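Numbering (my numbering), first residue to last: 543 to 619.
Don't be surprised by glycine CBs; every beta carbon is placed ideally from N, CA and C.
It should be emphasised that the depicted structure is a prediction, and the values quoted were computed from it without experimental measurement.
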Amino acid sequence: MGEALRDGFTQFEATGQDWRTAPLGLRSRSRYLHDGRAATLDEAIRAHDGEAQGSVTRYTSQSAFDREALFAFLGTL
Ligand code: HEM
């Protein structure tokens with residue numbers, strides 16, 4: 543944020559002039575999306591529509607192996 547927006551709070555590696563973006567914590571969740579309608583990451587991704595429709599098309603064209611790699615990556619966010 544720089545000096546102008548410095549709040550002085552330290553959170554983990556974020557110093558008083560950084561903003562720590564909260565982790566999504568997807569690894570520890572049992573439901574997904576704002577209303578919890580998706581029970582799995584697969585369901586959550588397939589539920590994307592509108593501007594994100596292209597992501598669904600690309601996701602569904604991936605191999606099962608690559609989808610598992612994506613889930614593993616999402617779990618780190
Ligand atoms: C590889 C592409 C993408 C993946 C793997 C992905 C994955 C996800 C996942 C797992 C969630 C659920 C998060 C949660 O429950 O906290 C989510 C939510 C969301 N995503 Fe994506 N996403 C992708 C692309 C996009 C794109 C391109 C957009 C917008 C143009 C988008 C917009 C959103 C929005 C608005 C939500 C929240 C919806 C809700 O809570 O109901 N996503 N996404």
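I'd like to check one pair, residue 594 with residue 575: are the Cβ atoms closer than 9 Å?
By 1-based counting over the sequence shown, the position of residue 575 is 33. By 1-based counting over the sequence shown, the position of residue 594 is 52. Taking 9 Å as the Cβ cut-off, residue 575 and residue 594 do not qualify as a contacting pair.
For a quick check, are the C-beta atoms of residue 591 and residue 609 less than 9 Å apart?
Locating residue 591 in the sequence shown gives position 49, where the first residue counts as 1. Locating residue 609 in the sequence shown gives position 67, where the first residue counts as 1. Against a cut-off of 9 Å, the Cβ pair of residue 609 and residue 591 comes out as no contact.
Can you check DSSP and say which residues form a bridge with residue 580?
If you number the sequence shown from 1, residue 580 lands on position 38. Per DSSP, 574.
Within this structure, are the beta carbons of residue 581 and residue 573 separated by less than 9 Å?
Indexing the sequence shown from 1 puts residue 581 at position 39. Indexing the sequence shown from 1 puts residue 573 at position 31. Their beta carbons are under 9 Å apart, which means residue 581 touches residue 573 by this criterion.
Distance cut-off 8 Å: residue 550 Cβ against heavy atoms of the ligand HEM:
What you label residue 550 is simply residue 8 of the sequence shown in a count that begins at 1. No, the beta carbon of residue 550 sits no closer than 8 Å to any heavy atom of the ligand HEM.
Taking the alpha carbon of residue 617 as the point to measure from, which residue in 543, 552, 603 and 571 has its own alpha carbon closest?
Walking along the sequence shown from the start, residue 617 turns up at place 75. Considering only alpha carbons, the answer is 571.
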